[in-house]
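If you read the sequence shown in my numbering, its first letter stands for residue 1, the second for the next number, and so on.
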Amino acid sequence: MNVVLVSYSMFMPYLLLVFQTVLMTSQDVDIEKLNAYVKATQDAIQHVQDEVDGRLSRTVNQLSNSRDELRLHAGKAATSLVGIQSGPVTLGALPEGEDDVDDQPR
């Protein structure tokens, strides 16, 4: 059995080419058999469309949400690294809300 991979947009022109070739090479065309193949192909295309609109669409949406979440966390990490690289914190310039170090030596 031969297999041909054809993009969705080129499927109908390819199908018409096959149909025309069959008509030109054979005088005995089994229309019922041809109709059965066309129906099976239509069902397969519908199944592919349902799959693209269903699980594949949900998966792409989940990946997009995950990418956005990872981008947010990476941005926070980069901001923290910039804060660390900006210089050492001096004792007189502790961030607001932090207490001074104990006066007792350790």
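A virtual CB, placed ideally from N, CA and C, is assigned to each residue, including glycine.
Limits of the unbroken alpha helix (DSSP H) element including N35: Looking up residue 35 in the sequence shown gives position 35. Element bounds for N35: I31 to E51.
Distance, A77 Cα to R106 Cα: Here residue 106 refers to the residue found at position 106 when the sequence shown is read from its first residue. Here residue 77 refers to the residue found at position 77 when the sequence shown is read from its first residue. Interpretation of R106 is limited by its pLDDT of 48, a score under 50 that renders its predicted location unreliable; no figure is taken from the coordinates.
CA-to-CA distance, E69 to I84, given in whole angstroms: Translated into positions along the sequence shown, residue 84 becomes position 84. Translated into positions along the sequence shown, residue 69 becomes position 69. Roughly 23 Å between the two C-alpha positions.
Chain-order list of residues whose beta-carbon lies under 8 Å from that of V38 (same chain, five-residue window excluded): Here residue 38 refers to the residue found at position 38 when the sequence shown is read from its first residue. So the qualifying residues of the chain are L15.
Extent of the continuous alpha helix (DSSP H) to which L70 belongs: Locating residue 70 in the sequence shown gives position 70, counting from the first residue. Per DSSP, L70 belongs to the alpha helix (DSSP H) from S57 to Q85.
F11 beta carbon less than 9 Å from that of I45: Counted from its first residue, the sequence shown places residue 45 at position 45. Counted from its first residue, the sequence shown places residue 11 at position 11. Their beta carbons are under 9 Å apart, which means I45 touches F11 by this criterion.
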